[in-house]
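Trainee: Residue numbers for the sequence shown, in this note's numbering: 1325 to 1457. Quick reminder that beta carbons are idealized off the backbone N, C-alpha and C, glycines included. One structure coming up, written as structure tokens, with questions to follow.
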Amino acid sequence: MQNRQLVSMGALLLAPDLEVIASTYPKKVRRLGLHSALADKLQSESCKLIEDFEMETPRTKDVVSLLKALDTDGKALIVLGDNDPNIYLSTRNIPGVNSCIWDLLNVYQVLWHDNLVLTESAIQKLERKFTQM
1325 MQNRQLVSMG ALLLAPDLEV IASTYPKKVR RLGLHSALAD KLQSESCKLI EDFEMETPRT
1385 KDVVSLLKAL DTDGKALIVL GDNDPNIYLS TRNIPGVNSC IWDLLNVYQV LWHDNLVLTE
1445 SAIQKLERKF TQM
């Protein structure tokens, strides 16, 4: 770390460099971490697989009934194969329930949620992604 100029009363004149603080991981390491997190969820049986579904209008009650039918307790993440704004609008109202597209899925989301709900198209796309490793 570089020497910083001190102002009277001990304050720093220059803030720390953000480039030093923030670090990024290589793409292969991020992909391997996501693969490991998904494998852990599958082994712990907290991952549910469902058929693709669409909603004509955003209705929170439909998503709540789906999650009750799947017997998901706690936080749940719905991973979609394609972007569906109605599902996003339906899930944002429920505390602890989120939705995302398969290519925006990250390790933090997988580990933070107690349950994963994956659609068929999302599974197929994730399999293609991980077979290219």
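Measure how close the beta-carbons of Asp1364 and Lys1399 come, nearest whole angstrom, since I'm counting them as under 8 Å.
Mentor: Here Asp1364 is actually not in contact with Lys1399; their C-beta atoms are around 16 Å apart, not less than 8 Å.
Trainee: Let me check understanding here. Comparing Cα to Cα, which of Thr1384, Arg1452, Gly1357 and Thr1455 lies closest to Ser1423?
Mentor: Thr1384
Trainee: In the DSSP assignment, find the unbroken alpha helix (DSSP H) run with Ile1447 in it and report its ends.
Mentor: Its alpha helix (DSSP H) spans residues Glu1444 to Thr1455.
Trainee: Does DSSP put Asn1439 in a helix, in a strand, or in coil?
Mentor: strand
Trainee: Is Leu1358 buried or exposed, if buried means 16 or more other CB atoms sit within 10 Å of its CB?
Mentor: buried
Trainee: My understanding is that Leu1373 touches Leu1435, with C-beta atoms under 8 Å, so please give their C-beta distance in whole angstroms.
Mentor: Actually they do not touch by this definition, with Cβ atoms about 19 Å apart.
Trainee: Could you check whether Glu1380 and Glu1444 sit closer than 7 Å to each other, using their CB atoms as the reference points?
Mentor: no
Trainee: Which same chain residues end up closer than 7 Å to Ile1447 when comparing Cβ atoms and leaving out the 5 residues on each side of it in sequence?
Mentor: Here the set comprises Leu1373.
Trainee: Rounded to a whole number of angstroms, what is the C-alpha to C-alpha distance between Leu1413 and Phe1377?
Mentor: 15 Å
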